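Trainee:
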């Protein structure tokens with residue numbers, strides 16, 4: 001194993017990614033406290049922070065900055081990203097390599113991994129060359145080392161809220177990636193906020209990026225968090241126990257904020273491994289009061305509703321991309337026993353509040 005110091009001048013030129021924002025804050029203040037480690041014996045782990053060189057521009061031409069600015073990348077630049085696995089049917093299936101071999105930028109939010117499958121319609125992934133893992137005297141830097149929230153270590157607010165009545169919790173799920181989940185959640189948040197309610201929002205699973213949390217903030221949610229606030233660049237391939245504990249911790253933290261209602265997005269589709277298991281987990285039933293389901297078409301809405309009902313999950317409404325089409329909306333409405341609501345109609349207070357569940361549980 002070899003070590004390499006990072007000078008102050010070099011540190012200023014390294015482009016940090018959104019997923020590494022908490023690490024990047026400390027790195028920018030005290031670059032002298034960090035160094036790089038490399039060598040044939042190094043085996044990256046999910047969440048480990050790596051400094052890499054851009055080798056060839058592909059699918060992702062821009063790197064999302066810690067403040068969500070889309071930074072145009074150039075070949076030869078050094079970037080700060082985190083290793084992670086990715087499950088994205090519309091883009092890449094990728095995993096953390098077992099060495100510092102050349103790999104790929106697999107998400108614009110700042111995720112390094114090795115692509116094994118990709119959608120036929122997209123460009124090849126941007127190629128990167130890892131230079132070394134970021135480290136301090138305490139060892140390799142992992143995102144969890146600097147995360148403001150920790151699974152298993154509740155904040156003071158969450159500890160104080162234990163035993164109190166939890167506000168209603170609504171989860172937004174969908175048929176797949178790009179089914180309209182985030183827009184549905186944003187509009188629901190906006191409608192509840194327009195009704196005068198304090199809404200907390202979160203994204204419990206997925207791939208780290210700032211666009212969804214920023215959408216939730218713009219819609220009127222406060223506070224907002226996602227899994228990157230707990231130090232996870234992505235949730236794909238996490239041990240299932242970590243996924244369920246993360247969901248519980250996120251809901252507890254958001255509920256302890258004093259919110260009147262908590263809205264949580266679960267990424268990808270119902271057949272994605274972690275999501276499928278969550279639906280049948282007693283913990284999900286204990287923490288989530290009802291679901292708003294996003295679908296791309298009427299058949300997907302019917303199939304998704306069947307899956308949810310078979311798992312015993314209460315569904316308040318169907319929304320999402322299908323509601324952009326009046327014909328698809330009419331098809332779905334004729335086949336479903338729950339309401340089909342236009343996504344943007346959720347911005348109306350009377351529509352959003354009608355979806356609030358009655359049941360509430362203790363924290």
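Residue numbers (UniProt numbering): 1 to 363. Glycine residues also receive a C-beta, built at the ideal position from the N, C-alpha and C atoms. Please read all numbers here as calculations on a predicted model, not as lab measurements.
(1) What does DSSP give as the partner residue(s) for residue 319 in the beta ladder?
(2) Roughly how many whole angstroms lie between the Cα atoms of residue 362 and residue 355?
(3) With burial defined as no fewer than 16 other Cβ atoms inside 10 Å of the residue's Cβ, what is the status of residue 15: buried or exposed?
(4) Where does the unbroken beta strand (DSSP E) through residue 136 begin, and where does it stop?
(5) Note down the Cα distance separating residue 203 from residue 279, rounded to an integer number of angstroms.
(6) Please list the terminal residues of the continuous alpha helix (DSSP H) segment that includes residue 260.
(7) What residue does the alpha helix (DSSP H) around residue 45 start on, and which one ends it?
(8) Helix, strand or coil, according to DSSP, for residue 169 in the structure here?
(9) Could you tell me whether the Cβ atoms of residue 95 and residue 108 are closer together than 8 Å?
(10) Could you give the DSSP three-state label for residue 219: helix, strand or coil?
(11) If we ignore side chains and look at the alpha-carbon of each, how far apart do residue 116 and residue 135 end up?
(12) Tell me the rounded alpha-carbon separation between residue 8 and residue 51.
(13) Work out the CA separation of residue 347 and residue 358 for me, nearest whole Å.
(14) Between 210, 168, 102, which lies nearest to residue 132 when the distance is taken from Cα to Cα?
(15) So, does the region 160-176 touch the region 119-126, judging by three or more C-beta pairs under 8 Å?
(16) Around the Cβ of residue 45, are there at least 16 other Cβ atoms within 10 angstroms (buried) or fewer (exposed)?
(17) Please classify residue 380: does DSSP put it in a helix, a strand, or coil?
(18) Work out the CA separation of residue 341 and residue 302 for me, nearest whole Å.
(19) Taking DSSP as the reference, what is the three-state secondary structure of residue 251?
(20) Please classify residue 300: is it buried, with 16 or more other beta-carbons within 10 angstroms of its beta-carbon, or exposed?
(21) Where residue 163 and residue 210 are concerned, what is the direct C-alpha to C-alpha distance, given to the nearest angstrom?
Mentor: Walking through what the data contain:
(1) To locate residue 319, count along the chain shown from 1; it is residue 319. According to DSSP, which records beta bridges pairwise, residue 319 is partnered with 294.
(2) Here the question's residue 362 lines up with position 362 in the chain shown. Here the question's residue 355 lines up with position 355 in the chain shown. Residue confidence is low: residue 362 scores 49 on pLDDT, short of 50, so the model does not pin down where it sits. Its coordinate-derived value is still stated next. C-alpha separation (whole angstroms): 20 Å.
(3) Residue 15 sits at position 15 when you count from the first residue of the chain shown. Buried: at least 16 other Cβ atoms inside 10 Å.
(4) By one-based count along the chain shown, residue 136 stands at place 136. From DSSP, the beta strand (DSSP E) with residue 136 extends over 126-136.
(5) Indexing the chain shown from 1 puts residue 203 at position 203. Indexing the chain shown from 1 puts residue 279 at position 279. A straight line joining the alpha-carbon of residue 203 with that of residue 279 spans about 16 Å.
(6) Start at 1 with the first residue of the chain shown, and residue 260 comes out as number 260. Looking at the DSSP string, residue 260 is not in any alpha helix (DSSP H), and its letter there is neither H nor E.
(7) In the chain shown, residue 45 corresponds to position 45, counting from 1. That residue, residue 45, is in no alpha helix (DSSP H); it is neither H nor E in DSSP.
(8) On the chain shown, position 169 is the one that residue 169 refers to. If DSSP states are grouped into helix, strand and coil, residue 169 belongs with the strands.
(9) Translated into positions along the chain shown, residue 95 becomes position 95. Translated into positions along the chain shown, residue 108 becomes position 108. Contact: no.
(10) Translated into the one-based positions of the chain shown, residue 219 becomes position 219. Here residue 219 sits in helix by DSSP.
(11) In the chain shown, residue 116 corresponds to position 116, counting from 1. In the chain shown, residue 135 corresponds to position 135, counting from 1. Distance between the alpha carbons of residue 116 and residue 135 is about 28 Å.
(12) In the chain shown, the residue the question calls residue 8 occupies position 8. In the chain shown, the residue the question calls residue 51 occupies position 51. Straight-line Cα distance between these residues: approximately 15 Å.
(13) Here residue 358 refers to the residue found at position 358 when the chain shown is read from its first residue. Here residue 347 refers to the residue found at position 347 when the chain shown is read from its first residue. For residue 358 and residue 347, the distance between alpha carbons rounds to 20 Å.
(14) Position 132 of the chain shown, counted from the first residue, corresponds to residue 132. With distances taken between Cα atoms, residue 132 lies closest to 102.
(15) no
(16) Here the question's residue 45 lines up with position 45 in the chain shown. Residue 45 is exposed by the Cβ-count criterion.
(17) Nothing can be reported for residue 380: it is not among the residues displayed for the chain, which extend from 1 to 363.
(18) The sequence position of residue 302 within the chain shown is 302, counting from 1. The sequence position of residue 341 within the chain shown is 341, counting from 1. One C-alpha to the other measures close to 14 Å.
(19) By 1-based counting over the chain shown, the position of residue 251 is 251. Residue 251: helix per DSSP, three-state reduction.
(20) Looking up residue 300 in the chain shown gives position 300. Burial call: buried.
(21) Start at 1 with the first residue of the chain shown, and residue 163 comes out as number 163. Start at 1 with the first residue of the chain shown, and residue 210 comes out as number 210. If I take the Cα positions, the gap works out to 32 Å.
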